[in-house]
């Protein structure tokens, strides 16, 4: 192994912002942010633009059967496993211009900077756009990276449906991104993801680089309430079996639990499915997914235990049946110390402020960390506003973070 | 005015049940009841069948601009305002085979019995199928009778949209029932509606005829919660403005209020609209409609006052804004003593058991009572199960109720 000393390169910040601005024009939401949900027409336009940019930077583009796009820049030892860099270009239904997008376009900027300076790293570098990280249209989130990590099958992914019953596989084909490359099953040297923090800790601490050392322990439960259809009028209270009322008692109790563990702990619910969900008829079905998050595993487990009790109590109060139909945990994965240290060293070398930090949200990096040494890097986010069209980032600090990220990725690729 | 003494006629019960059975084949729901929501393809098939039956009974059929179908049997003094008899053929998304349907098909059976016996009443009789009584697809319920009574305009009706954004007027045209007759604006001699009770009071009292003397005082509020989109993970509890959590606290509190007034009082909610209603993003919008019902107006008002307080408290707990965007009352209309007495007299003459009763649910009769002398008549309902596909009725008692209803209508038409 040889170590290559590079000239002191930096990314072209104007070009990075020009790509971010172009992205911000594709799928504009009602409040000026982005509504570019996975496999929509706007997702296709963004993907086409991304592929054009990557090919313009001399990369070879492949698409896998999950629709994830890989733009590869060859290495000197091109048979070595690649350093993969990326995030996602899809957004929430009312999302921002940077969540996920910064990570992909920073990866593109790395490829372009290497191309401009005619630099070939030892290992190949691939920039990836993971399909459907948000799960906004097709639940669950991080679906393609989940399959890439071998935790689900391609068939499972293709059979996901949106709320209108449209199949993931059909939409992938429709927008022209049902690729032929296998999903995963190959060795990666490492995975690097740059993402906005989505909280305001870095802003408060005035740090430009967040070195993610791990995640909050998160535990999610999908809970279904089974009641009975009946008239909203003549049906006496004691005869009512209103599934939506069961779900309402439950969500109220789960929110109260969240307050008992604040500011560190938090409980979430963001979606309720109800049937028939019409006037005049008590609903027989309600489904909610709740999650409990705390930085300490034991505390999360305690929150989950209380949530299970609240579920039984809520169902009893509404005289309905309940069941937990799915349950999963995420977020307490450990990132790779070597890759992580490369980020710290790069920040130190550039004199960019940094801090260690825990991630509270889910990221593709969690799944990929199961199959490859992974580093997750945060850049700051103004006021912590995210999953909101007003999401914004500080430009200078973001540029610094991208440069540090660039250095870390190139150092790893030259290893 | 002359009084005509009729031979002791009865309806053909086998024929009545044959029409009810045929209706029960059109739009069968997943559990064997009916899912025949307004302006669906099945609604069209049922309407076509009804028109065919009416024309077969020698009636002249007209359709008004609200899609309500009127089948008219001429009277001896045909310029006199008609006695109108009817209810609705549409159902809930998970509805029964009798709710509304019995009233329309009993009306048809009256027309057929008169035709069979070559009897012409003094006043014309019209049997009506009101469009969209349930409001299952197009809110609000009782929409066409509301326009007929002059409380809303045809334009308002045509501009209603279903949850998929499909316009009422377009669907009415699509199924071929955008009629040319004006909606209302003409004098009715009287209106008679037969409906299943939708509760089990008559069954418990072993009565076949329920003479409705009035309704429960009902007060509905449409409440909207305005929060803010944010990430379900990193957003601290104190920064969350989750509109769905506001609505959940509210519905839990409203249900508790209902229990404080049971068994007479009750509170209802059956529908929640949420946006974006996706995983990973706290919803910024939630809308619910709640109603409070009690037989005493003052108690209903007290329940409403408590509900308003609960709304403010729920919004405060969830740190969201709230507003009441619509508010209406119904159910305490008074039915016509003369028409009502005709029903009592008919039951007495036939030796059919009867009781006075209050209606708890909404009916087209409420709106029509504002413009014409109105009688609302109940027949029993097994176990009070309704707005449920298992809805059923006792046959003999129902036949008795239809015969009493027949007598009352003919007596009025001969008046």
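Residue numbers (our numbering), protein chains in the order written: chain A, 1495 to 1909; chain B, 1495 to 1909.
We put the CB at the ideal spot given by N, CA and C, even for glycine.
These numbers were taken from a predicted model, which means no experiment stands behind them.
* Asked: Buried or exposed: residue 1519 (chain A), going by 16 or more other Cβ atoms within 10 Å of its Cβ?
  -> In the first chain, counting from the first residue as 1, residue 1519 (chain A) sits at position 25. The C-beta of residue 1519 (chain A) has fewer than 16 other C-beta atoms within 10 Å across all chains shown, which makes the residue exposed.
* Between the C-alpha atoms of residue 1881 (chain A) and residue 1587 (chain A), what's the straight-line distance to the nearest angstrom? -> For this step, residue 1881 (chain A) is matched to residue 387 along the first chain. For this step, residue 1587 (chain A) is matched to residue 93 along the first chain. Cα to Cα, the separation comes out at about 8 Å.
* Asked: Can you tell me the Cα-Cα spacing of residue 1779 (chain B) and residue 1784 (chain A), whole angstroms?
  -> Locating residue 1779 (chain B) in the second chain gives position 285, counting from the first residue. Locating residue 1784 (chain A) in the first chain gives position 290, counting from the first residue. Answer to the nearest angstrom: the Cα atoms are 18 Å apart.
* Where the stretch 1783 to 1794 of chain A meets chain B: residues whose CB sits under 9 Å from a CB there -> Close to chain B, meaning a Cβ-Cβ distance shorter than 9 Å, are the following residues of the stretch 1783 to 1794 of chain A: 1783, 1785, 1787.
* Asked: With DSSP run on the structure shown, which of helix, strand or coil describes residue 1692 (chain B)?
  -> On the second chain, position 198 is the one that residue 1692 (chain B) refers to. Residue 1692 (chain B): coil per DSSP, three-state reduction.
* Asked: Any chance the stretch 1727 to 1741 of chain B sits against the stretch 1754 to 1762 of chain A, with 3 or more Cβ pairs inside 8 Å?
  -> yes
* **The beta strand (DSSP E) enclosing residue 1632 (chain A), as first and last residue numbers** => Mapped onto the first chain, residue 1632 (chain A) falls at position 138. Note, residue 1632 (chain A): premise wrong, no beta strand (DSSP E); not H, not E.
* By how many angstroms is the C-alpha of residue 1693 (chain A) removed from the C-alpha of residue 1762 (chain A)? -> By 1-based counting over the first chain, the position of residue 1762 (chain A) is 268. By 1-based counting over the first chain, the position of residue 1693 (chain A) is 199. If I take the Cα positions, the gap works out to 16 Å.
* To do: Using a Cβ cut-off of 7 Å, pull out every chain B residue sitting near residue 1882 (chain A), in sequence order please.
  => In the first chain, residue 1882 (chain A) corresponds to position 388, counting from 1. In chain order: 1722, 1723, 1724.
* Asked: For the beta strand (DSSP E) that residue 1658 (chain B) lies in, which residues bound it at each end?
  -> In the second chain, counting from the first residue as 1, residue 1658 (chain B) sits at position 164. First-last for residue 1658 (chain B): undefined, no H or E at that position.
* Asked: How about residue 1749 (chain A): is its C-beta nearer than 8 Å to some C-beta of chain B?
  -> Locating residue 1749 (chain A) in the first chain gives position 255, counting from the first residue. It does; some Cβ of chain B falls within 8 Å.
* To do: For residue 1649 (chain B), count neighbouring Cβ atoms within 10 angstroms of its own Cβ and tell me buried if that reaches 16, exposed if not.
  => By one-based count along the second chain, residue 1649 (chain B) stands at place 155. Exposed is the call here.
* To do: Check residue 1685 (chain A) in the structure and name its three-state DSSP category.
  => Taking the first residue of the first chain as position 1, residue 1685 (chain A) is located at position 191. It is a strand residue.
* To do: Verify the CB distance criterion: does residue 1764 (chain B) have a CB-CB separation below 8 Å to chain A?
  => Locating residue 1764 (chain B) in the second chain gives position 270, where the first residue counts as 1. Yes, residue 1764 (chain B) counts as interfacial toward chain A.
* Asked: What do you reckon, are the CB atoms on residue 1574 (chain B) and residue 1617 (chain B) nearer than 8 Å?
  -> Counted from its first residue, the second chain places residue 1574 (chain B) at position 80. Counted from its first residue, the second chain places residue 1617 (chain B) at position 123. A distance below 8 Å separates the beta carbons of residue 1574 (chain B) and residue 1617 (chain B).
* Asked: Interface residues of chain A around residue 1753 (chain B) at Cβ under 7 Å?
  -> Stepping through the second chain from its first residue, residue 1753 (chain B) is reached at position 259. Result: 1731.
* Asked: What residues in the stretch 1816 to 1829 of chain B bring their beta carbon closer than 8 Å to a beta carbon of chain A?
  -> none
* Distance between beta carbons of residue 1782 (chain A) and residue 1765 (chain A), contact taken as under 8 Å -> Here residue 1765 (chain A) refers to the residue found at position 271 of the first chain. Here residue 1782 (chain A) refers to the residue found at position 288 of the first chain. The pair is a contact, with the Cβ atoms about 7 Å apart (cut-off 8 Å).
* To do: Measuring alpha carbon to alpha carbon, tell me which of A:1502, A:1503, A:1512 ends up nearest residue 1889 (chain A).
  => For the purposes of this step, residue 1889 (chain A) is taken as residue 395 along the first chain, with counting starting at 1. The candidate whose alpha carbon is nearest that of residue 1889 (chain A) is A:1512.
* Contact belief for residue 1711 (chain A) with residue 1856 (chain A) at Cβ below 8 Å, rounded distance in angstroms -> The residue labelled residue 1711 (chain A) in the question sits at position 217 within the first chain. The residue labelled residue 1856 (chain A) in the question sits at position 362 within the first chain. Not confirmed; about 12 Å, so no contact.
* Could you tell me whether the Cβ of residue 1698 (chain B) comes closer than 8 Å to any Cβ of chain A? => Sequence index remark: in the second chain, residue 1698 (chain B) carries index 204 (1-based). No, residue 1698 (chain B) lies away from the interface with chain A (no Cβ there is under 8 Å from its Cβ).
* Asked: Can you find at least 3 beta carbon pairs, one from the stretch 1866 to 1882 of chain A and one from the stretch 1696 to 1703 of chain A, that sit closer than 8 Å?
  -> yes
* Asked: If you measure from the beta carbon of residue 1743 (chain A) to each beta carbon in chain B, is any gap under 8 Å?
  -> Counting from one through the first chain, the residue named residue 1743 (chain A) turns up at place 249. Chain B, which has a Cβ nearer than 8 Å to the Cβ of residue 1743 (chain A), makes this yes.
* **Neighbourhood of residue 1510 (chain B) by C-beta, 6 Å cutoff - its chain only, sequence neighbours within 5 removed** => For the purposes of this step, residue 1510 (chain B) is taken as residue 16 along the second chain, with counting starting at 1. Answer for residue 1510 (chain B): 1603, listed in chain order.
* Taking only beta-carbon positions, decide if residue 1771 (chain A) is within less than 8 Å of chain B. => On the first chain, residue 1771 (chain A) is found 277 positions in, with the first residue counted as 1. By this cut-off, residue 1771 (chain A) is an interface position.
* Looking at residue 1531 (chain A) and residue 1580 (chain A), is the spacing between their C-beta atoms short of 8 Å? -> Start at 1 with the first residue of the first chain, and residue 1580 (chain A) comes out as number 86. Start at 1 with the first residue of the first chain, and residue 1531 (chain A) comes out as number 37. Against a cut-off of 8 Å, the Cβ pair of residue 1531 (chain A) and residue 1580 (chain A) comes out as no contact.
* Where residue 1887 (chain B) falls, given that 16 or more other Cβ within 10 Å makes a residue buried -> Numbered from its first residue, the second chain carries residue 1887 (chain B) at position 393. Buried, because 16 or more other Cβ atoms sit within 10 Å of the Cβ of residue 1887 (chain B).
* Asked: Is residue 1634 (chain A) buried or exposed, if buried means 16 or more other CB atoms sit within 10 Å of its CB?
  -> Here residue 1634 (chain A) refers to the residue found at position 140 of the first chain. Residue 1634 (chain A) should be labelled buried.
* To do: Out of A:1591, A:1553, A:1642, point me to the one whose CA is closest to residue 1560 (chain A)'s CA.
  => For the purposes of this step, residue 1560 (chain A) is taken as the residue at position 66 of the first chain. If we check each option's Cα against that of residue 1560 (chain A), A:1642 comes out closest.
* Could you name the residues of the same chain whose beta carbon sits closer than 6 Å to that of residue 1556 (chain A), not counting the 5 residues immediately before and after it, in chain order? => Residue mapping note: residue 1556 (chain A) aligns to position 62 of the first chain, counting from 1. If we look at residue 1556 (chain A) and ignore the five residues flanking it on each side, its Cβ neighbours are 1564, 1675.
* To do: Classify residue 1579 (chain B) as helix, strand or coil using the three-state DSSP reduction.
  => Residue numbering aside, residue 1579 (chain B) sits at position 85 when the second chain is read from its first letter. Here residue 1579 (chain B) sits in strand by DSSP.
* Asked: Using a Cβ-Cβ cut-off of 8 Å (strictly less than) and excluding sequence neighbours within five positions of residue 1821 (chain A), which residues of its own chain qualify?
  -> Residue numbering aside, residue 1821 (chain A) sits at position 327 when the first chain is read from its first letter. Correct list, in chain order: 1713, 1714, 1715, 1716.
* To do: For the alpha helix (DSSP H) containing residue 1835 (chain A), list its first residue and its last residue.
  => By one-based count along the first chain, residue 1835 (chain A) stands at place 341. For residue 1835 (chain A), the enclosing alpha helix (DSSP H) covers residues 1831 to 1844.
* **Cβ pair residue 1804 (chain A), residue 1741 (chain A) closer than 8 Å** => By one-based count along the first chain, residue 1804 (chain A) stands at place 310. By one-based count along the first chain, residue 1741 (chain A) stands at place 247. No, they are not a contact pair.
* To do: Using only alpha-carbon positions, find the residue among B:1829, B:1813, B:1611, B:1524 that is nearest to residue 1723 (chain B).
  => As a working note, residue 1723 (chain B) is residue 229 in the second chain. Checked all of B:1829, B:1813, B:1611, B:1524; the closest Cα to residue 1723 (chain B) is B:1813.
* Asked: Considering residue 1764 (chain B), what are the terminal residues of the beta strand (DSSP E) in which it resides?
  -> Within the second chain, residue 1764 (chain B) is the residue found at index 270, counting from 1. Unbroken beta strand (DSSP E) run through residue 1764 (chain B): 1760 to 1769.
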